[in-house]
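As numbered in the working numbering, residues 868 to 1202 make up the sequence shown, in order.
Glycine included, every Cβ here is placed at the ideal spot set by N, Cα and C.
All values reported here derive from a predicted model rather than from experimental measurement.
Single-structure report; data block below.
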Amino acid sequence: MPLDPSTAVVLRALEAAGASALGSGTPESARAHARARRGPAAPIGVAGTEDTSIPGPAGDLAVRIYRPVVANPVPTVVYFHGGGFVIGDLDSHDDHCRLICRDVDAVVMSVEYRLAPEARFPEPLLDALAATRWAAAGISRLGADPARLAVAGDSAGGNLAAAVASALAGSSIRLAAQMLAYPKTDFSDHPYPSRVENAEGYYLTATMERWFSDHYLGSGSRSDPRASVVLAEPHRDLAPAVIGVGQYDLLRDEVLAYAAGLEAAGVPVSAHCFDGLVHGFFGMTTLSDAAARAVAAMNRDLRELLHVVRPEMAPGLSTVVGDAAAPRRDGDMTS
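In structure tokens form, the structure reads like this:
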């Protein structure tokens, strides 16, 4: 399918704003550029937000808690923002979290983990694990249901969410779901076709991806399964997954390979490859109807996982939800 027309307009605007510069220069200049092109907050209604901090492995971590309009108890979603592990903060992904809070009817806790290269792998992952463990231990303080804890994230944050879910599988903390929007799953040089087909012209370029990855991993191993989660052996108790990626995303094939690996291991998976979309569509919902439909589809799948009453999802028990869905290519997402 051709590139979604409204997404094409967004791409031209991003290019005019110098988005391609994110693949060069210093981390400080990339962060300044990202802040400078940040638009006004989207008017997405939630009951309220609270900025606070929680203990982390190297000091306090800033978090923002979003509360839904519906009454408690509700699920909790711990969210990790994207930005290639180098840029991003609570404000950059405020609209992402508001959409999840509103659409899923869940408390959302957004985590400001440490960034690379000041904090390279595995330090951001350790922050993500600490935040999830804090949420699991203190979930009643959030007014939420302890049997319905999920992790979510986009891009780099999707990688962290997947790694957290993998690390906690089989532990006393039983996640009810994981939602991964175009997650980075493989830092190796595996020849995925999308790395060639979508290397230029679709926002996330091959040059940008390498720049971000080099800052995150440094001289570390690109085959460490805590980073390249596609190489991890899926645990039988891994949380059910909602996974989405755009047709024109550089990461498309590694994302679909990860989804297929989970499915083959018996993990329940709802995987979407959204026609006509690119990397970062979660942040394009006000400019692209196709992006808005894609996000709504993913949030709907997450809601279904978190709002269906399943006794087997109580803490300490395995979670199995139906049959794993094969990775599929979605068209207009109107069904």
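Quiz item: Is TYR980 closer than 7 Å to ASP994 when the C-beta atoms are compared?
Solution: In the sequence shown, counting from the first residue as 1, residue 994 sits at position 127. In the sequence shown, counting from the first residue as 1, residue 980 sits at position 113. Contact flag set, yes.
Quiz item: Between the C-alpha atoms of ALA914 and ARG969, what's the straight-line distance to the nearest angstrom?
Solution: Here residue 914 refers to the residue found at position 47 of the sequence shown. Here residue 969 refers to the residue found at position 102 of the sequence shown. Cα to Cα, ALA914 sits roughly 9 Å from ARG969.
Exercise. Would you identify the three-state DSSP class for TYR1070, choosing helix, strand or coil?
Key: Counting from 1 along the sequence shown, the entry for residue 1070 is found at position 203. In the three-state scheme derived from DSSP, where H, G and I count as helix and E and B as strand, TYR1070 is classed as coil.
Practice problem: Could you pull out every residue in the same chain whose Cβ sits closer than 7 Å to the Cβ of ARG1093, ignoring the five residues on either side in sequence? | Solution: As a first step, residue 1093 is located in the sequence shown; it is residue number 226 there, counting from the start. Once the five neighbours on either side are set aside, the close Cβ partners of ARG1093 are PRO989, LEU992, ALA1030.
Practice problem: Report the rounded CA-to-CA distance for ASP1168 versus VAL1109, giving the unit in angstroms. | Solution: As a working mapping, residue 1168 is identified with position 301 in the sequence shown. As a working mapping, residue 1109 is identified with position 242 in the sequence shown. A direct Cα-Cα distance of roughly 7 Å separates ASP1168 from VAL1109.
Exercise. Can you tell me which of the three DSSP states ASP1199 falls into?
Key: Taking the first residue of the sequence shown as position 1, residue 1199 is located at position 332. Low local confidence applies: a pLDDT of 36 at ASP1199 is under 50, so the model's placement there is unreliable, and no value is given.
Quiz prompt | Other residues of its chain near LEU1071: CB distance less than 6 Å, five sequence neighbours each side excluded | solution = Within the sequence shown, residue 1071 is the residue found at index 204, counting from 1. Answer for LEU1071: LEU1117, HIS1146, listed in chain order.
Quiz item: With a cut-off of 8 Å, do at least 3 Cβ pairs link the region 997-1015 to the region 1073-1080?
Solution: Taking a cut-off of 8 Å on C-beta distances, the region 997-1015 does not touch the region 1073-1080, as fewer than three cross pairs fall below it.
Quiz item: Among GLU1171, LEU957, GLY949, which one has its Cα closest to the Cα of ILE932?
Solution: Numbered from its first residue, the sequence shown carries residue 932 at position 65. Nearest option by C-alpha distance: LEU957.
Self-check item: 6 Å Cβ shell around VAL936 - same chain, five flanking residues per side excluded
Solution: Mapped onto the sequence shown, residue 936 falls at position 69. If we look at VAL936 and ignore the five residues flanking it on each side, its Cβ neighbours are ALA914.
Exercise. Quick one: give me the first and last residue of the beta strand (DSSP E) that MET1046 is part of.
Key: Reading the sequence shown from its first residue, position 179 is the one you call residue 1046. That run of the beta strand (DSSP E) goes 1044-1048.
Quiz item: Just checking my contact of HIS1082 with PRO984 at CB under 8 Å: how many whole Å lie between their CB atoms?
Solution: In the sequence shown, residue 1082 corresponds to position 215, counting from 1. In the sequence shown, residue 984 corresponds to position 117, counting from 1. In this structure HIS1082 is in contact with PRO984, their Cβ atoms being roughly 4 Å apart against a cut-off of 8 Å.
Self-check item: Beta-carbon contacts of ALA888 that lie in its chain and below 7 Å, excluding the five residues immediately before and after
Solution: Sequence index remark: in the sequence shown, residue 888 carries index 21 (1-based). Correct list, in chain order: HIS900.
Quiz prompt | Span separating the alpha-carbon of TYR946 from that of GLY1113 | solution = Your numbering for residue 946 matches position 79 in the sequence shown. Your numbering for residue 1113 matches position 246 in the sequence shown. Between TYR946 and GLY1113, the C-alpha separation is close to 20 Å.
Quiz prompt | contact_flag[the region 1146-1160, the region 1126-1134] where n(CB pairs < 8 Å) is 3 or more | solution = Touching, no.
Quiz item: Considering only residues of the same chain and omitting the five flanking positions on each side of ASP871, which have a CB-CB separation below 7 Å?
Solution: Residue numbering aside, residue 871 sits at position 4 when the sequence shown is read from its first letter. Here the set comprises GLY1143, LEU1144, SER1155, ALA1157.
Quiz item: Pairing CB atoms from the region 1088-1103 with CB atoms from the region 1026-1045, are three or more of them under 8 Å?
Solution: At 8 Å Cβ cutoff, the stretches touch.
Quiz prompt | Segment contact, 8 Å Cβ cut-off, at least three pairs: the region 1040-1050 with the region 907-925 | solution = They do not touch, by the three-pair rule.
Exercise. Buried or exposed for GLY950, please, with buried defined as at least 16 other CB atoms from any protein chain shown within 10 angstroms of its CB.
Key: As a first step, residue 950 is located in the sequence shown; it is residue number 83 there, counting from the start. Taking all protein chains in view, the Cβ of GLY950 is crowded by 16 or more other Cβ atoms within 10 Å, so the residue is classified as buried.
Quiz item: For MET976, which residues does DSSP report across the bridge?
Solution: Residue numbering aside, residue 976 sits at position 109 when the sequence shown is read from its first letter. Beta-bridge pairing links MET976 to ILE932, VAL945.
Practice problem: At 3 residues or longer, and completely inside the region 1011-1038: list those beta strand (DSSP E) runs for me, N to C. | Solution: Counting only runs of 3 or more, we get 1011-1021.
Exercise. Grab me the residues of ALA897's own chain with a C-beta within less than 7 Å of its C-beta, minus the 5 sequence neighbours each way, in chain order.
Key: One-based indexing of the sequence shown puts residue 897 at position 30. Result list for ALA897: LEU889, VAL953, ILE954, in chain order.
Quiz item: Is it true that the CB of GLY1025 sits closer than 7 Å to the CB of HIS948?
Solution: Numbered from its first residue, the sequence shown carries residue 948 at position 81. Numbered from its first residue, the sequence shown carries residue 1025 at position 158. With respect to GLY1025, HIS948 sits apart: the two C-beta atoms are not nearer than 7 Å.
Quiz prompt | ALA975 vs THR999 beta-carbon contact at 7 Å | solution = The sequence position of residue 975 within the sequence shown is 108, counting from 1. The sequence position of residue 999 within the sequence shown is 132, counting from 1. Looking at the sequence itself, residue 975 is Val, so the reference to Ala does not match. Result no, Cβ atoms of VAL975 and THR999 do not sit closer than 7 Å.
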